[in-house]
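Peer 1: The sequence shown begins at 6 in the numbering used here and counts up one residue at a time. Heads up, the beta-carbon is just placed ideally off N, CA and C, and yes, glycines get one too. Quick one: structure below, then a few questions.
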Amino acid sequence: MTPHFFTTTELAQFQRDGYLIVRGLAAAELCERMKRRAQEHLAAETAPLEYEADVKYPGAPAALDAPGGRTVRRLLQAYARDPLFRDWATSHEIAGRLRQLLGPQAELSQTHHNCIMTKDPGYSSITSWHRDIRYWSFEKPGLVSVWLALGREHYKNGCLLLLPGSHAMEFRPDQLDAAQFLRTEPDENRDLLRAQIAAELEPGDVLFFHCSLFHAAGHNQSADTKFSLVFTYHASSNRPLPGTRSAALPGIALLP
Numbered sequence: 006m007t008p009h010f011f012t013t014t015e016l017a018q019f020q021r022d023g024y025l026i027v028r029g030l031a032a033a034e035l036c037e038r039m040k041r042r043a044q045e046h047l048a049a050e051t052a053p054l055e056y057e058a059d060v061k062y063p064g065a066p067a068a069l070d071a072p073g074g075r076t077v078r079r080l081l082q083a084y085a086r087d088p089l090f091r092d093w094a095t096s097h098e099i100a101g102r103l104r105q106l107l108g109p110q111a112e113l114s115q116t117h118h119n120c121i122m123t124k125d126p127g128y129s130s131i132t133s134w135h136r137d138i139r140y141w142s143f144e145k146p147g148l149v150s151v152w153l154a155l156g157r158e159h160y161k162n163g164c165l166l167l168l169p170g171s172h173a174m175e176f177r178p179d180q181l182d183a184a185q186f187l188r189t190e191p192d193e194n195r196d197l198l199r200a201q202i203a204a205e206l207e208p209g210d211v212l213f214f215h216c217s218l219f220h221a222a223g224h225n226q227s228a229d230t231k232f233s234l235v236f237t238y239h240a241s242s243n244r245p246l247p248g249t250r251s252a253a254l255p256g257i258a259l260l261p
């Protein structure tokens with residue numbers, strides 16, 4: 006049985022690199038059940054949804070009525086969508102590790118991530134280098150996201166690309182564009198991008214990563230849709246700022 010906690014070595018690695026992959030944390034049978042449920046919701050276009058056309062990233066359809074315009078990017082509100090997803094989001098496998106990273110009391114954010122990523126092979130877009138915290142509004146930037154692979158994730162089907170240690174780096178405004186994406190032209194950014202790694206995952210592997218870690222993803226060049234279940238967590242003492250999108254829905258406390 007896999008322990009429900011990080012080792013001292015794993016914690017040090019997370020603090021250094023801003024991410025950690027735990028192999029085989031979710032059972033293969035559970036992943037297959039969640040993937041089938043996600044496929045059902047995708048086929049039925051069960052709301053709420055985000056379409057590739059909504060985000061207007063490179064490679065996305067130009068509009069909902071354009072070719073591929075109804076391509077779903079994310080099945081939103083995963084926690085409330087089905088008990089399968091809800092139970093995983095608050096499971097002991099996740100909760101024990103998150104308390105090590107965030108403190109004794111932690112919460113799931115229903116506003117950020119809380120979704121099934123559905124990367125389509127025909128019309129998936131490119132996600133440029135960014136930090137998730139850029140549009141989140143909390144008292145402190147100490148959130149952690151948990152990414153579960155429901156199928157294989159590799160470079161060809163658009164797995165996450167990470168910049169190790171970037172969560173702890175300071176960036177000048179001129180290193181970022183107006184939307185807070187990392188610019189690729191400056192020499193110092195090019196040097197940083199040479200250190201990128203591909204977070205290749207097997208079904209049941211889980212990626213824990215800091216909200217300030219720069220990451221990106223390419224097109225899905227395979228023949229199959231890629232499914233990933235993603236939730237974000239914060240310390241209960243780290244409150245979303247009143248009046249912001251981050252405070253739009255209540256957090257879900259992780260029980261002991």
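1. Suppose the cutoff is 8 Å on Cβ atoms and the five residues either side in sequence are ignored; what does the same chain contact list for ARG195 look like?
2. Exposed or buried, what is GLY223 when buried is set at 16 or more other beta-carbons lying within 10 Å of its beta-carbon?
3. DSSP has VAL149 in a bridge; who is on the other side?
4. Mind checking which residues open and close the alpha helix (DSSP H) that includes LEU54?
5. Which first and last residues belong to the alpha helix (DSSP H) in which MET39 is found?
6. Helix, strand or coil for TRP141 per DSSP?
7. Helix, strand or coil: how does DSSP classify PRO191 here?
8. Using C-beta distances below 7 Å, list every residue in its chain close to ALA203, excluding the 5 sequence neighbours before and after it, in chain order.
9. Which runs of the beta strand (DSSP E), 3 residues or longer, sit entirely within the stretch 58-141?
10. Given a cut-off of 8 Å on the beta-carbon distance, is the pair GLU134 and LEU187 in contact?
11. Smallest Cα separation from SER241: which of ALA111, ASP182 and LEU153?
12. Which residue's Cα is closest to the Cα of ALA43: PRO126, PHE176, LEU212 and LYS231?
13. Do the stretch 18-37 and the stretch 208-218 touch if we need at least three Cβ pairs shorter than 8 Å?
14. Does the Cβ of ILE99 lie closer than 7 Å to at least one heavy atom of the ligand FMN?
15. Tell me the DSSP secondary structure of SER233 in three-state form.
16. Using DSSP with H/G/I as helix, E/B as strand and the rest coil, what is PRO255?
17. Do you know offhand how far ALA94's Cα is from ASP87's?
18. Taking the beta carbon of THR76 as the centre, do at least 16 other beta carbons fall within 10 Å, making it buried, or is it exposed?
19. What residue range does the beta strand (DSSP E) around LEU246 cover?
20. Mind checking who HIS220 pairs with in its DSSP beta bridge?
21. Considering just the uninterrupted stretch of the beta strand (DSSP E) at LEU16, what are its terminal residues?
Peer 2: Reading it off the structure:
1. In the sequence shown, counting from the first residue as 1, residue 195 sits at position 190. The beta carbon of ARG195 sits closer than 8 Å to those of THR189, all from its chain and outside the five residues before and after it, given in chain order.
2. The residue labelled residue 223 in the question sits at position 218 within the sequence shown. Here GLY223 is buried, its C-beta having at least 16 other C-beta atoms within 10 Å.
3. In the sequence shown, counting from the first residue as 1, residue 149 sits at position 144. Within the DSSP bridge table, the entry for VAL149 names HIS215 and TYR238 as partners.
4. Your numbering for residue 54 matches position 49 in the sequence shown. First-last for LEU54: 54-56, but that is the beta strand (DSSP E), not the alpha helix (DSSP H).
5. As a first step, residue 39 is located in the sequence shown; it is residue number 34 there, counting from the start. Where MET39 is concerned, the enclosing alpha helix (DSSP H) stretches over 33-49.
6. Counting from one through the sequence shown, the residue named residue 141 turns up at place 136. Three-state DSSP puts TRP141 in coil, outside helix and strand.
7. Numbered from its first residue, the sequence shown carries residue 191 at position 186. Reduced to three states, the DSSP call for PRO191 is coil.
8. What you label residue 203 is simply residue 198 of the sequence shown in a count that begins at 1. Only TYR160, CYS164 and LEU166 meet the Cβ criterion.
9. If we require 3 residues or more, the beta strand (DSSP E) runs fully inside the stretch 58-141 come out as 77-81, 111-113, 120-124 and 132-135.
10. Working through the sequence shown from its first residue, we reach residue 134 at position 129. Working through the sequence shown from its first residue, we reach residue 187 at position 182. First, the residue type needs correcting, since residue 134 is Trp and not Glu in the sequence shown. Yes, these two residues count as a Cβ contact at 8 Å.
11. Stepping through the sequence shown from its first residue, residue 241 is reached at position 236. That would be ALA111, whose Cα lies nearest to the Cα of SER241.
12. Your numbering for residue 43 matches position 38 in the sequence shown. Closest by C-alpha distance to ALA43, out of PRO126, PHE176, LEU212 and LYS231, is LYS231.
13. Yes, they touch.
14. Because no ligand of any kind appears in the structure shown, any question about the ligand FMN cannot be addressed here.
15. Start at 1 with the first residue of the sequence shown, and residue 233 comes out as number 228. The answer is strand: DSSP assigns SER233 an E or B state.
16. Locating residue 255 in the sequence shown gives position 250, counting from the first residue. In the structure shown, the three-state DSSP call for PRO255 is coil.
17. Position 89 of the sequence shown holds residue 94. Position 82 of the sequence shown holds residue 87. If you take the alpha carbons of ALA94 and ASP87, they lie about 11 Å apart.
18. In the sequence shown, residue 76 corresponds to position 71, counting from 1. Buried: at least 16 other Cβ atoms inside 10 Å.
19. Counted from its first residue, the sequence shown places residue 246 at position 241. Taken as a continuous stretch (DSSP letters only), LEU246 belongs to no beta strand (DSSP E), as it is neither H nor E.
20. The sequence position of residue 220 within the sequence shown is 215, counting from 1. DSSP links HIS220 through a beta bridge to HIS135 and LEU167.
21. By 1-based counting over the sequence shown, the position of residue 16 is 11. Here LEU16 belongs to no beta strand (DSSP E); instead the alpha helix (DSSP H) covers 13-22.
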